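Take 1 as the starting number for the sequence shown in this note's numbering and just add one per residue. Just so it is clear, CB atoms sit at the ideal spot from N, CA and C, and this is done for glycine as well. Everything numeric in this text was worked out from a predicted model, so none of it was measured. Report on the structure given below.
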Amino acid sequence: MLRMKVKAVGIDRDTMLPVVILTDDAEESYVPLVIGPAEANAIAVVLENVEITRPLTHDLLLSTVLALGAKVDKVVVTDLTEDVYYAEVHLLQADRTMRVDARPSDAIALALRSGASIYVDDKIVPYAMAVPGGDDPELEQFRSFLEDLSPDDFRKDN
Numbered sequence: 001m002l003r004m005k006v007k008a009v010g011i012d013r014d015t016m017l018p019v020v021i022l023t024d025d026a027e028e029s030y031v032p033l034v035i036g037p038a039e040a041n042a043i044a045v046v047l048e049n050v051e052i053t054r055p056l057t058h059d060l061l062l063s064t065v066l067a068l069g070a071k072v073d074k075v076v077v078t079d080l081t082e083d084v085y086y087a088e089v090h091l092l093q094a095d096r097t098m099r100v101d102a103r104p105s106d107a108i109a110l111a112l113r114s115g116a117s118i119y120v121d122d123k124i125v126p127y128a129m130a131v132p133g134g135d136d137p138e139l140e141q142f143r144s145f146l147e148d149l150s151p152d153d154f155r156k157d158n
């Protein structure tokens, strides 16, 4: 498995769809995921350290996990089938490990709240990863775009 982190979340300017971009620690490889607006907001709230007065769904889920004596160990983007990503949330409770099926966006939002690591399964790395470099002009353009990317670049008012 390849450990990832969230590079940015926002709105793709071309499609106007919410996107979260995962990157490896060296920021040499990227996994762009199209997500729902609610999940984009749930991720952005954590990334931007926004104070909220009432818990969002992912906050409630984390509180429930903790109240049941478990913790979020990690989340894994496990599969890619017909352009749809799949994920699992790995929970630890005493000496027991549980895997819960999840949408990657929900798993990422939960991982950010709990401090859990985010991984991409090795079997999907060749299909999911955008590895900038080489002679592919589209990948070079993507790399150039990502180098200076910040959450502000996704705001509609830019």
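Of the residues Tyr86, Val9, Ile52, the one placed nearest alanine 128, counting alpha carbons only: On the sequence shown, position 128 is the one that residue 128 refers to. Nearest of Tyr86, Val9, Ile52 to alanine 128, Cα basis: Tyr86.
Residue(s) in a DSSP beta bridge with alanine 87: Reading the sequence shown from its first residue, position 87 is the one you call residue 87. Its beta-bridge partners are Val77, Ala102.
How should proline 37 be labelled, buried or exposed, when 16 other C-beta atoms within 10 angstroms of its C-beta is the threshold for buried? On the sequence shown, residue 37 is found 37 positions in, with the first residue counted as 1. With fewer than 16 Cβ atoms within 10 Å of its Cβ, proline 37 is classed as exposed.
When you compare each of Ala94, Val20, Lys74 to glutamate 39 by their alpha carbons, which one comes out closest? Numbered from 1 along the sequence shown, position 39 holds the residue referred to as residue 39. Checked all of Ala94, Val20, Lys74; the closest Cα to glutamate 39 is Val20.
Those residues which DSSP pairs with methionine 4 across a bridge: On the sequence shown, residue 4 is found 4 positions in, with the first residue counted as 1. BP columns for methionine 4 point to Ile118.
In the DSSP assignment, what residue or residues form a beta bridge with isoleucine 21? Numbered from its first residue, the sequence shown carries residue 21 at position 21. Answer is Ala8, Pro32.
Would alanine 42 and leucine 56 qualify as a contact pair, given that the criterion is a beta-carbon distance under 8 Å? Walking along the sequence shown from the start, residue 42 turns up at place 42. Walking along the sequence shown from the start, residue 56 turns up at place 56. In this structure, leucine 56 lies closer than 8 Å to alanine 42 by Cβ.
Since arginine 113 and histidine 58 are thought to touch, with beta carbons under 8 Å apart, how far apart are those beta carbons, to the nearest angstrom? Taking the first residue of the sequence shown as 1, we reach residue 113 at position 113. Taking the first residue of the sequence shown as 1, we reach residue 58 at position 58. Rounded, the Cβ-Cβ distance is 6 Å, consistent with contact.
Kindly list the residues whose CB is nearer than 8 Å to the CB of tyrosine 119, restricted to its own chain and excluding five residues on each side of it in sequence; keep chain order. In the sequence shown, the residue the question calls residue 119 occupies position 119. Contacts found: Met1, Leu2, Arg3, Met4, Lys74, Val75, Val76, Val77.
How should leucine 33 be labelled, buried or exposed, when 16 other C-beta atoms within 10 angstroms of its C-beta is the threshold for buried? The residue you call residue 33 lines up with position 33 of the sequence shown. Classification of leucine 33: buried, given that the 10 Å Cβ count is 16 or more.
Coil, strand or helix - arginine 96 by DSSP: Within the sequence shown, the letter at position 96 stands for residue 96. Three-state DSSP puts arginine 96 in a strand.
So, for alanine 107: in the same chain, excluding its five sequence neighbours on each side, which residues have a beta-carbon less than 6 Å away from its beta-carbon? As a first step, residue 107 is located in the sequence shown; it is residue number 107 there, counting from the start. These residues qualify, in order along the chain: Val75, Ala87, Val89.
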